[in-house]
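Colleague:
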Amino acid sequence: MTALKGSLRNRFLLSLAAVLCLALLALVTIARFQIMPILLEDEEAYADAELDRIERALGAELNHMRRLVEDWAHWDDTYDFIQGERPQYVDSNLYESTLETLDLEMMIFLDADSEPYWIVGYDAQGEFTSCPGMMPPCDWASTAVAFLGRYTEQSQDDTTRTSLLAASALALGGLSPIHQSRQESLAGGWLAMVRPLSEPWIEQLRDTTGVELELSRVPVQAGSEQILERTSPTQMTASRLIPALPSSHAVRIDASLPRQRYQASLETFRFALYWTSGVLIATLLIVLWLLERMVLTPLRQLATFTQRLHQETVPPAMPATLLCRQDEIGMLSREFRHLLEHQRQQSDQLRDLTLHDPLTGVANRRLFDQRLTEVLNDSRASEHHAAMMIDIDHFKLYNDHYGHQAGDVCLVTLAQHMEAQLKPQGFLVARTGGEEFSVLLPHTSQEDALQLARELLEAIEALGLDHETSPTSRHVTVSIGIAVQHTNTMEPGDIMRAADQALYQAKANGRNRVAAFECTDLTTAIEP
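Residue 1 is where the sequence shown starts when you use this note's numbering, and the numbers rise one by one after that.
1) Where do the ends of the beta strand (DSSP E) carrying Leu428 lie?
2) In this structure, does DSSP put Asn512 in helix, strand or coil?
3) Let me know the secondary structure DSSP gives Cys21 once reduced to three states.
4) Measure the beta-carbon distance from Val145 to Leu165 and round it to whole angstroms, keeping in mind my assumption that it falls under 8 Å.
5) Around the C-beta of Ser530, are 16 or more other C-beta atoms found within 10 angstroms, so that it is buried, or is it exposed?
6) Is the shortest distance between the beta-carbon of His486 and the beta-carbons of chain C less than 7 Å?
7) Helix, strand or coil: how does DSSP classify Cys324 here?
8) Here's the rule: buried if 16 or more other CB atoms are within 10 angstroms of the residue's CB, otherwise exposed. What is Leu13?
9) Go ahead and label Met331 buried or exposed: buried means 16 or more other beta carbons lie within 10 angstroms of its beta carbon, across all protein chains shown.
10) How far does the alpha helix (DSSP H) with Gly361 in it reach, from first residue to last?
11) Label Arg181 either buried or exposed according to how many other C-beta atoms from any shown protein chain fall within 10 Å of its C-beta, with 16 as the threshold for buried.
12) Starting from the C-beta of Ala449, find all residues in its chain whose C-beta is less than 8 Å away, skip the five residues before and the five after it, and write them out in chain order.
13) Which value, in whole angstroms, describes the spacing of the CA atoms of Ser473 and Ser479?
14) Alpha carbon to alpha carbon, how far is Asp466 from Val429? Give it in angstroms, no decimals.
15) Roughly how many whole angstroms lie between the Cα atoms of Ile337 and Met318?
16) Go through the stretch 268-316 residue by residue and report every complete run of the alpha helix (DSSP H) that reaches 4 residues or more, in order.
17) Quick check: the Cα distance between Gln204 and Phe271, rounded to an integer number of angstroms?
18) At which residues does the beta strand (DSSP E) containing Pro132 begin and terminate?
19) Give me, in chain order, the residues of the same chain whose beta-carbon lies closer than 8 Å to that of His475; leave out the 5 immediate sequence neighbours on both sides.
20) Are the stretch 74-87 and the stretch 270-289 in contact at 8 Å, needing three or more beta carbon pairs?
21) Is the beta carbon of His249 less than 7 Å from the beta carbon of Arg206?
22) Using the C-alpha atoms, what's the distance from Asp408 back to Arg300?
23) Just reading off the alpha helix (DSSP H) that Gln421 is part of, what are its end residues?
24) Excluding five sequence neighbours on each side, which residues of the same chain lie with their C-beta closer than 6 Å to the C-beta of Asp123?
25) For the alpha helix (DSSP H) containing Gln204, list its first residue and its last residue.
26) Going straight from the alpha carbon of Tyr89 to that of Gln260, what length do you get?
27) Which residue comes first and which comes last in the beta strand (DSSP E) that contains Glu214?
28) Taking 7 Å as the limit between beta carbons, can you name the residues of its chain near Arg371, skipping five residues before and five after?
29) Compare the C-alpha of Arg431 against each of Glu225, Pro196 and Asn364 and name the closest.
30) State the Cα-Cα distance for the pair Gln34 and Val28, rounded to the nearest angstrom.
31) If you measure between the beta carbons of Thr208 and Ala57, is that distance less than 7 Å?
32) For Met134, which residues from the same chain have a beta carbon less than 8 Å from its beta carbon, with the 5 sequence-adjacent residues on both sides left out?
33) Please report the distance separating the alpha-carbon of Gln451 from that of Leu457.
34) Pull the bridge partners of Gly188 from the DSSP assignment, please.
35) Determine, using beta carbons only, whether Ala238 and Leu51 come nearer to each other than 7 Å.
36) Does the distance from the CB of Tyr79 to the CB of Gly210 come in under 7 Å?
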């Protein structure tokens, strides 16, 4: 009993430990494949939103550039200047402090033919220059003028355009047609402004967005336009490419972002995971304690009672503590008392089941032999008893052609048909072999047995069960051997051997027929 107690408890402990391990593994799996991807996806969305904010800030600067270049290009003085009617325009407006105030690197005026009319800006050495056309010292702007010339020639409409410039250095560029402010007329030329994206300007952009960022020019290559790299548990770098001019290059934003949201969410999840694990362990311990009190203890009492049933001759009384319980164990204990009586009843029924064939439901050889022995032992000298042996013709061919399942159906059909025809007359039909049946015919003469056999033979053939591979008939047929007891000295084995010899004779004479064996060693074959 101690070993049983320890074994049952240990099995529960092992089971609960396994459940705990599986639960923890499930939590870790959920964290790894469900929660972590969600946190990382949220972090990617955060990085994307920050890049969007930086891009909107650049867009705001481009809008400011648009307004600035349009203000100058739609100024009547500018229109008159490009038409050559206001020579004082240069001295009044195009001086170095103007570029400093507007934070510009250059201003280029193009005439209606996209030829340079006036250039104001800083050369490669940072010297301020202002001169008409491309004459020195403004020849440093030749590259910009050539680019603007191609751009204005390709323009199909008369609108202001702004874009990021990624030529030799990063800059904001604006190009607007020059119009009179109050008159509708063709553009008198073009005004281009370039604002460099200097380090002070980028620092101002950092202050505006609150993001530690860098801008750089990179060649356009195949691949992702946005990259997120997690450099440490607390820091990540998000990069995005923004289209620029010329189209062979782009402006890349590199933003260094904190992973505070991810770390905070991760810590929250870990805290929840630890608490969940602790609650799970506490729950399992409570379950184990309740299991010990409510299940294991009464089960041990019931196990002790069942052991005493095997050890004691007189069945012991069921413990009252079990019988008075109002739960499943109490119900089991009360029903257990009825189990022994029911078991005895079931044993009797099982004994009956062992006397019948499980497939066909008719009697089996054991019951047939018992009844035959009883009939022969109780018979008087003047009584005759007969027995039939029936064999299905060419049943192997039937199984090979139709399959064993169809063969089983055939056996059941014939058995039920024979029992329906013979059992009402007090005869016992039994299956004594694979396709072999035996019939006990108490108080039956040879003439009556032959008549019954002929009727049975005809009835089976009349069933019309197809048997295409049979050499005897196109339908299922049987061969029947009959033996009749004439003396009280015959044993059950004698009469069955005689019936078997008669069956052999029926098969030898062509099957689908009846043959009777005389106990005087006279064998007569009867045609169907």
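Glycine is no exception: its CB is placed at the ideal position from the N, C-alpha and C atoms. Predicted model only: the values in this text are computed from it and were never measured.
Modeller: With the structure as the only source:
1) Working through the sequence shown from its first residue, we reach residue 428 at position 428. Leu428 to Arg431 is the span of the beta strand (DSSP E), which, as asked, contains Leu428.
2) Position 512 of the sequence shown, counted from the start, is the residue given in the question as residue 512. In this structure, Asn512 counts as coil in the three-state DSSP scheme.
3) Counting from 1 along the sequence shown, the entry for residue 21 is found at position 21. Correct three-state label for Cys21: helix.
4) Position 145 of the sequence shown, counted from the first residue, corresponds to residue 145. Position 165 of the sequence shown, counted from the first residue, corresponds to residue 165. The C-beta separation of Val145 from Leu165 comes to about 14 Å, leaving the pair out of contact by the 8 Å criterion.
5) The question about residue 530 has no answer, for the chain in this structure spans 1 to 528.
6) The structure shown contains no chain C; it holds only a single protein chain.
7) Here the question's residue 324 lines up with position 324 in the sequence shown. Coil, per DSSP.
8) Reading the sequence shown from its first residue, position 13 is the one you call residue 13. Under this definition Leu13 is an exposed residue.
9) For the purposes of this step, residue 331 is taken as the residue at position 331 of the sequence shown. So Met331 counts as exposed.
10) Position 361 of the sequence shown holds residue 361. From DSSP, Gly361 is part of no alpha helix (DSSP H); its letter is neither H nor E.
11) Translated into the one-based positions of the sequence shown, residue 181 becomes position 181. It is worth fixing the name first, because residue 181 is Ser in this sequence and not Arg. Around the beta carbon of Ser181, fewer than 16 other beta carbons sit within 10 angstroms, so the residue counts as exposed.
12) For this step, residue 449 is matched to residue 449 along the sequence shown. Around Ala449: Ala386, Met388, Leu441, Ile482, Val484 and Ala516.
13) To locate residue 473, count along the sequence shown from 1; it is residue 473. To locate residue 479, count along the sequence shown from 1; it is residue 479. So the two alpha carbons sit approximately 12 Å from each other.
14) The residue given as residue 429 occupies position 429 in the sequence shown. The residue given as residue 466 occupies position 466 in the sequence shown. About 23 Å.
15) Your numbering for residue 337 matches position 337 in the sequence shown. Your numbering for residue 318 matches position 318 in the sequence shown. In the sequence as displayed, the identity of residue 337 is Arg instead of Ile. For Arg337 and Met318, the distance between alpha carbons rounds to 8 Å.
16) 297-311
17) Start at 1 with the first residue of the sequence shown, and residue 204 comes out as number 204. Start at 1 with the first residue of the sequence shown, and residue 271 comes out as number 271. Rounded to the nearest angstrom, the two C-alpha atoms are 40 Å apart.
18) Residue mapping note: residue 132 aligns to position 132 of the sequence shown, counting from 1. Residues Phe128 to Pro132.
19) Counted from its first residue, the sequence shown places residue 475 at position 475. Excluding positions up to five away in sequence, the list reads Glu461, Leu463, Gly464, Leu465, Asp466 and His467.
20) no
21) Along the sequence shown, one-based indexing puts residue 249 at 249. Along the sequence shown, one-based indexing puts residue 206 at 206. Their beta carbons are not under 7 Å apart, which means His249 does not touch Arg206 by this criterion.
22) Counting from one through the sequence shown, the residue named residue 300 turns up at place 300. Counting from one through the sequence shown, the residue named residue 408 turns up at place 408. So the alpha carbons of these two residues sit roughly 48 Å apart.
23) Numbered from 1 along the sequence shown, position 421 holds the residue referred to as residue 421. Membership of Gln421 in the alpha helix (DSSP H) is indicated by the continuous run His404 to Leu422.
24) By 1-based counting over the sequence shown, the position of residue 123 is 123. Closer than 6 Å at the Cβ level, and outside the excluded window around Asp123, lie Thr129 and Trp140.
25) Within the sequence shown, residue 204 is the residue found at index 204, counting from 1. For Gln204, the enclosing alpha helix (DSSP H) has its first and last residue at Glu199 to Thr209.
26) As a working mapping, residue 89 is identified with position 89 in the sequence shown. As a working mapping, residue 260 is identified with position 260 in the sequence shown. Cα-Cα distance, rounded: 55 Å.
27) Counting from one through the sequence shown, the residue named residue 214 turns up at place 214. Where Glu214 is concerned, the enclosing beta strand (DSSP E) stretches over Glu212 to Pro219.
28) Against the sequence shown, residue 371 aligns to sequence position 371. Around Arg371: Leu428 and Leu440.
29) Residue 431 sits at position 431 when you count from the first residue of the sequence shown. Arg431 has its Cα closest to that of Asn364, out of Glu225, Pro196 and Asn364.
30) On the sequence shown, residue 34 is found 34 positions in, with the first residue counted as 1. On the sequence shown, residue 28 is found 28 positions in, with the first residue counted as 1. Looking at the two C-alpha atoms, the distance is approximately 10 Å.
31) One-based indexing of the sequence shown puts residue 208 at position 208. One-based indexing of the sequence shown puts residue 57 at position 57. A contact, by the Cβ cut-off of 7 Å.
32) Residue 134 sits at position 134 when you count from the first residue of the sequence shown. The beta carbon of Met134 is closer than 8 Å to those of Pro116, Ile119, Ala141, Ser142 and Val145 in its chain, skipping five residues each way along the sequence.
33) As a working note, residue 451 is residue 451 in the sequence shown. As a working note, residue 457 is residue 457 in the sequence shown. For Gln451 and Leu457, the distance between alpha carbons rounds to 10 Å.
34) To locate residue 188, count along the sequence shown from 1; it is residue 188. Gly188 pairs with nothing; no bridge assigned.
35) Residue numbering aside, residue 238 sits at position 238 when the sequence shown is read from its first letter. Residue numbering aside, residue 51 sits at position 51 when the sequence shown is read from its first letter. Yes, they are a contact pair.
36) Position 79 of the sequence shown holds residue 79. Position 210 of the sequence shown holds residue 210. Contact: no.
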